[in-house]
Structures are given as C-alpha cells and as structure tokens.
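In the working numbering, the protein residues as written are 15 to 472. Think of the CB as a built atom: it goes at the ideal place given N, C-alpha and C, for glycine as much as any other residue. Following: one structure in structure tokens, then a few remarks.
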C-alpha cells in the first residue's frame with residue numbers, strides 16, 4: 015500500500031503454527047502510476063508500458079517501465095537504474111507493489127498512444143500540445159508525451175502570462191501593420207487547416223527590406239504555441255530536417271526564418287512539398303524495399319526572406335503560376351514608419367519579453383477549438399462564402415481562399431476569447447486587396463500563346 019508519505023508491504027510470518035502479519039515500510043516516499051502508454055509499431059505489434067511518479071527528498075520525477083520488464087526477471091535491476099537504492103528484499107517488494115498498484119488502478123488509469131506529432135490525432139478527437147491532451151468532450155488531460163513528439167512537446171508547455179502575451183501581440187495593432195497581424199493569424203489558422211477542406215497546407219511568405227521586422231513577426235506567431243527561440247526552422251537545416259520538423263509540429267504553424275537567396279529550384283520544391291502536407295516515400299538500398307513516409311502535417315507555415323519567392327518561382331519555369339497560387343506573399347512594412355522613436359523603444363521592450371511569454375495563447379485557443387469543431391466548421395464556410403463573393407476567386411486560386419478564410423476565422427475566435435484585439439474587418443479588406451494584387455502579378459507570369467515570340471526574343 016501507499017499513503018501520502020511512504021510505501022509499505024504486508025509481511026506475513028508463521029511462528030510455531032501461529033500466523034502473524036505486519037506492514038513493513040519499504041520506501042520513505044510515495045510512488046503512484048499516472049499513465050499507460052500504448053505503442054503500435056509499423057508491423058502492427060502493440061506494446062504497453064507505464065509511467066510512474068516517484069517522490070524523493072529533492073522533489074519527484076517520472077519513470078517509464080515496459081510491461082515485459084515489470085513482469086520479467088529484469089525488474090530488480092531496472093529499479094536500481096531509475097534511482098531506487100534499496101536492499102534486495104525491499105526491491106522485490108517494490109516490484110510487487112508496482113504490479114499491485116496497476117491492478118488497483120487499471121480501470122481508471124489514463125491511456126495515451128505513442129505520438130510522432132503534436133496537434134490533432136487522425137480522428138480529430140484530441141489535440142496534443144505541451145504536456146496536455148485536449149479532448150473534444152472538453153476534458154483536458156495531463157500526459158507525459160512519448161515517441162518523437164516528446165522531443166518538441168516540452169517546447170510547447172505554456173510559460174508566462176496570457177495578458178502579457180496579448181499586450182505583446184498588440185504591437186501590431188496599428189494601421190499599416192496588417193501584414194504583421196496576418197503573420198500572427200497564420201498561427202491561429204494552423205489548427206483549422208484540416209477542417210472542411212481537401213487541401214492540407216498552404217504557405218505565407220513574408221518579404222521586404224532587411225530590418226523591417228519580419229523575423230520578429232515570425233517569433234510572435236511561433237510564440238502562440240511554443241518557445242520561439244527553439245521551434246523556428248532556418249535555412250541551415252537540411253531539407254530532410256525541415257520536413258521532419260513539419261511532420262512533428264503537424265497542426266502547429268512552422269516558421270521558416272531567413273530563407274533569403276533561395277534558388278528557383280529550391281523555391282519550387284518548397285512551394286509544392288510544403289503545400290502537399292506530406293513527405294516523400296523513398297526506395298531502400300538497391301531499390302529492394304519501399305520506405306514509407308511518416309511525416310504528415312496540416313498547418314499554415316510562414317516563411318520570411320528579403321527577396322520575393324514569386325520572382326524565384328518565375329525563374330524556375332516558363333509558367334510557374336501553379337506553384338505561385340499556393341503561396342500568398344505578404345510585404346512587410348517597416349515598423350519604424352508606424353511608431354515614433356519613444357513608442358518604438360517601448361514596442362521593442364515588449365517584443366523581447368516574448369521569450370518568457372509563450373504558449374499561453376495556444377492553450378486558451380485550443381481549449382475552445384477542440385470542444386467547438388462543428389461550430390467552427392460553420393464559421394469557416396460562412397467566411398469562405400463571403401470571401402469568394404468579395405474577391406471572385408475561382409477554384410484555380412483555392413489555396414488563397416483556403417488560407418485567408420482560416421486566418422480570418424482563427425483571428426475572429428482569438429478576438430472573441432480576448433487573446434488578440436485586432437480589427438477583423440480591416441484584416442479582411444487587407445487580405446482582399448492582397449489576393450487581388452497577387453492575381454494581377456500572376457497574370458504577368460502566366461504563359462500565353464501570343465507571347466511566344468516575345469518570350470523567345472527575351
């Protein structure tokens with residue numbers, strides 16, 4: 015048995031035909047099972063393990079033990095490896111105690127599957143973020159994420175104060191900085207990208223002069239769900255690493271910073287692969303086996319560079335409008351042109367504090383989104399109907415409609431929850447103008463038969 019201070023084993027003795035029993039203290043602190051982990055391998059084999067919380071003189075920690083170890087001969091050595099410094103007899107009692115605790119808690123013990131990604135599960139019944147699973151029935155369950163997702167889950171545990179984060183986000187709440195509000199809106203749009211659409215992902219690309227504040231806007235967008243200093247993806251990451259990180263983040267926006275000097279080929283591959291929402295299947299050595307891709311995502315990534323991705327795509331092919339229509343390019347306006355010197359210094363101080371205030375907005379937002387999916391799908395449909403009516407976009411430009419309607423819906427929800435205080439009407443007008451101007455740009459790059467001679471001469 016376990017109480018608030020100790021662990022005990024019931025010892026039975028038989029002396030001269032008389033049976034006696036007494037409780038022997040075997041550990042000076044409590045131990046509790048907190049979670050069951052179900053892992054399904056690629057071959058379909060299922061293994062079960064358990065998470066226990068162990069208290070000690072410095073506080074507490076957690077350890078994971080496989081069911082095969084717990085019921086096998088190696089359990090005694092295992093207990094020593096996780097810090098139980100006990101005599102042999104007490105170690106045997108401790109192993110028996112763990113089994114008894116699990117038998118007692120079997121029906122009520124929370125179970126989670128090993129996850130290779132954060133965000134939505136395949137059925138949209140739950141959302142994994144930080145050390146919590148947000149369920150569609152409104153319950154929020156604390157978990158210890160396992161699998162590949164555990165590497166990033168710690169980076170999405172909320173830190174700081176939501177009111178402070180809202181104050182930081184309002185740095186962009188000025189006329190002329192709608193571009194920054196759209197970047198932040200991409201974070202709130204990401205969990206909605208898998209709702210009510212055949213598309214999986216799109217791409218927001220922030221361009222503009224050096225020092226305009228693009229990286230700061232990306233940091234703020236990243237901070238909606240996690241640590242902006244650790245979650246951002248940069249140009250030095252290999253192509254495979256970028257795809258792997260996208261797959262882990264899954265429903266959380268991925269920020270690609272400083273992607274300047276992309277070659278036309280790189281730009282084309284990024285535009286296609288990111289918006290397809292999955293990595294590549296590959297052949298194994300000598301072409302003998304097929305290595306199935308395990309990286310999938312449905313989100314709205316944001317990328318920044320000093321130069322235009324549209325220009326890079328135009329150099330890749332005679333007609334790159336198919337790739338261009340999957341990207342919405344946002345031009346950053348220098349924040350110095352909106353604020354005076356004193357105001358700018360205050361904004362700079364606020365933005366720097368984002369490293370100590372992140373994840374709180376995502377926590378409040380996801381609690382609502384997971385529990386109100388039907389309502390949100392209706393909001394998305396209404397927004398899409400209005401946006402298409404105002405812009406006259408046809409299905410050739412469905413990616414623009416797809417991302418704009420979810421940015422507007424996500425920011426509307428965030429405003430309703432008091433997370434941001436942006437003017438949704440003005441953002442609607444800004445996005446309408448943005449797609450219409452982008453449409454004119456694409457018309458210049460579209461190949462037409464009558465342009466054949468001039469193209470050849472050029």
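**Report entry** C-alpha gap between residue 145 and residue 472, whole angstroms
**Finding:** Working through the chain shown from its first residue, we reach residue 145 at position 131. Working through the chain shown from its first residue, we reach residue 472 at position 458. Cα to Cα, residue 145 sits roughly 58 Å from residue 472.
Query raised in the report: With distances taken from CA atoms, which of 403, 376, 443, 470 is nearest residue 142?
Result: The count along the chain shown starts at 1 and reaches residue 142 at position 128. Checking every option, the nearest Cα to that of residue 142 belongs to 376.
Query raised in the report: Looking only at its own chain, which residues have a Cβ that is under 7 Å from the Cβ of residue 77, when we skip the five neighbours before and after it?
Result: The residue you call residue 77 lines up with position 63 of the chain shown. The residues are 66, 68, 96.
Query raised in the report: What's the gap between the Cα of residue 171 and the Cα of residue 373?
Result: Translated into positions along the chain shown, residue 171 becomes position 157. Translated into positions along the chain shown, residue 373 becomes position 359. The C-alpha of residue 171 lies about 6 Å from the C-alpha of residue 373.
Query raised in the report: Can you name the residues that DSSP bridges to residue 286?
Result: Working through the chain shown from its first residue, we reach residue 286 at position 272. Answer by DSSP bridge pairing: none, since residue 286 is not bridged.
Report task. Look at the Cβ atom of residue 449, then the Cβ atom of residue 405, and state whether they are nearer than 7 Å. Result -> Position 435 of the chain shown, counting from 1, holds the residue named residue 449. Position 391 of the chain shown, counting from 1, holds the residue named residue 405. Taking the C-beta atoms as reference points, residue 405 is found nearer than 7 Å to residue 449.
Report task. Assign residue 416 to one of two classes, buried (16 or more other C-beta atoms within 10 Å of its C-beta) or exposed (fewer than that). Result -> The sequence position of residue 416 within the chain shown is 402, counting from 1. Result: buried.
Requested in this report: Rounded to whole angstroms, what's the CA-CA distance from residue 23 to residue 130? Just pull it up for me.
Outcome: Against the chain shown, residue 23 aligns to sequence position 9. Against the chain shown, residue 130 aligns to sequence position 116. Each residue's alpha carbon lies about 39 Å from the other.
Query raised in the report: Leaving out the 5 sequence neighbours to the left and right, which residues in its chain are closer than 7 Å to residue 281 when beta-carbon positions are compared?
Result: Position 267 of the chain shown holds residue 281. Correct list, in chain order: 323, 326, 327, 330.
Requested in this report: Compare the beta carbon distance of residue 18 and residue 39 with 7 Å and say whether it is the shorter of the two.
Outcome: For the purposes of this step, residue 18 is taken as residue 4 along the chain shown, with counting starting at 1. For the purposes of this step, residue 39 is taken as residue 25 along the chain shown, with counting starting at 1. No.
Query raised in the report: Residues bridged to residue 49 by DSSP?
Result: For this step, residue 49 is matched to residue 35 along the chain shown. Beta-bridge pairing links residue 49 to 65.
Report task. Give a yes or no on whether the C-beta atoms belonging to residue 264 and residue 73 are separated by under 7 Å. Result -> As a position in the chain shown, residue 264 is number 250, starting the count at 1. As a position in the chain shown, residue 73 is number 59, starting the count at 1. No, the pair does not count as a contact, with Cβ atoms beyond the cut-off.
Requested in this report: Would you identify the three-state DSSP class for residue 56, choosing helix, strand or coil?
Outcome: Sequence index remark: in the chain shown, residue 56 carries index 42 (1-based). A caution first: residue 56 carries a pLDDT of 49, below 50, which makes its placement in the model unreliable, though a value can still be read off. If DSSP states are grouped into helix, strand and coil, residue 56 belongs with coil.
Query raised in the report: Less than 7 Å separating the beta-carbons of residue 492 and residue 344?
Result: Not covered by the structure: residue 492. The range shown for the chain is 15 to 472.
Query raised in the report: What residue from 246, 157, 319, 210 has the CA that sits closest to residue 51's CA?
Result: As a first step, residue 51 is located in the chain shown; it is residue number 37 there, counting from the start. The candidate whose alpha carbon is nearest that of residue 51 is 157.
Query - Helix, strand or coil at residue 153 [DSSP, three-state] - result: Numbered from 1 along the chain shown, position 139 holds the residue referred to as residue 153. In the structure shown, residue 153 sits in coil (DSSP, three-state: anything other than H, G, I, E or B).
Requested in this report: From the DSSP output, in three-state form, read off residue 228 for me.
Outcome: For the purposes of this step, residue 228 is taken as residue 214 along the chain shown, with counting starting at 1. Assignment of residue 228 by DSSP, reduced to helix, strand and coil, places it in the helix class.
Requested in this report: Work out the CA separation of residue 100 and residue 107 for me, nearest whole Å.
Outcome: As a working note, residue 107 is residue 93 in the chain shown. As a working note, residue 100 is residue 86 in the chain shown. The alpha-carbon atoms of residue 107 and residue 100 are separated by roughly 10 Å.
Query raised in the report: If we ignore side chains and look at the alpha-carbon of each, how far apart do residue 210 and residue 394 end up?
Result: Stepping through the chain shown from its first residue, residue 210 is reached at position 196. Stepping through the chain shown from its first residue, residue 394 is reached at position 380. It is roughly 8 Å from the alpha-carbon of residue 210 to the alpha-carbon of residue 394.
Requested in this report: Return helix, strand or coil for residue 106, following the three-state DSSP convention.
Outcome: Numbered from 1 along the chain shown, position 92 holds the residue referred to as residue 106. DSSP places residue 106 in helix when its eight states are reduced to three.
Query raised in the report: Which term fits residue 424, buried or exposed, when burial requires 16 or more other beta carbons within 10 angstroms of its beta carbon?
Result: The residue you call residue 424 lines up with position 410 of the chain shown. Buried.
Query - Exposure of residue 464, with buried meaning 16 or more beta-carbon neighbours within 10 Å - result: Residue mapping note: residue 464 aligns to position 450 of the chain shown, counting from 1. Classification for residue 464: exposed.
Requested in this report: Identify whether residue 433 lies in helix, strand or coil by the three-state DSSP scheme.
Outcome: The count along the chain shown starts at 1 and reaches residue 433 at position 419. In the displayed model, residue 433 falls within coil according to three-state DSSP, outside both helix and strand.
Requested in this report: Look at the alpha carbon of residue 155 and the alpha carbon of residue 354, and state the distance between them as a whole number of angstroms.
Outcome: By one-based count along the chain shown, residue 155 stands at place 141. By one-based count along the chain shown, residue 354 stands at place 340. Going by the C-alpha atoms only, they are around 46 Å apart.
Requested in this report: For residue 251, I'd like the list of residues in its chain whose CB is within less than 8 Å of its CB, leaving aside the five on either flank, ordered along the chain.
Outcome: Taking the first residue of the chain shown as 1, we reach residue 251 at position 237. In chain order, 259 place their CB closer than 8 Å to the CB of residue 251, counting only its own chain and leaving out the 5 sequence neighbours on each side.
Query raised in the report: Using the C-alpha atoms, what's the distance from residue 429 back to residue 246?
Result: In the chain shown, counting from the first residue as 1, residue 246 sits at position 232. In the chain shown, counting from the first residue as 1, residue 429 sits at position 415. Whole-angstrom Cα-Cα distance: 25 Å.
Query raised in the report: Who are residue 176's beta bridge partners in DSSP?
Result: Locating residue 176 in the chain shown gives position 162, counting from the first residue. Answer by DSSP bridge pairing: none, since residue 176 is not bridged.
Report task. With DSSP collapsed to three states, give me the class of residue 26. Result -> In the chain shown, the residue the question calls residue 26 occupies position 12. In this structure, DSSP gives residue 26 an extended state, which the three-state scheme calls strand.
Report task. Determine the DSSP secondary structure at residue 71, reduced to helix, strand or coil. Result -> The residue you call residue 71 lines up with position 57 of the chain shown. DSSP places residue 71 in coil when its eight states are reduced to three.
Query raised in the report: Going by alpha carbons, who is nearest to residue 382 out of 75, 81, 151, 244?
Result: Within the chain shown, numbered from 1, the residue matching residue 382 stands at position 368. Ranking the options by Cα distance to residue 382, first place goes to 151.
Query raised in the report: By a C-beta neighbour count over all protein chains shown, 10 Å radius and 16 as the cutoff for buried, is residue 147 buried or exposed?
Result: As a position in the chain shown, residue 147 is number 133, starting the count at 1. Result: buried.
Query raised in the report: Is it right to say residue 228 is buried, meaning 16 or more other beta carbons lie within 10 angstroms of its own, or is it exposed?
Result: The sequence position of residue 228 within the chain shown is 214, counting from 1. The residue in question, residue 228, is buried, as its Cβ has 16 or more Cβ neighbours within 10 Å.
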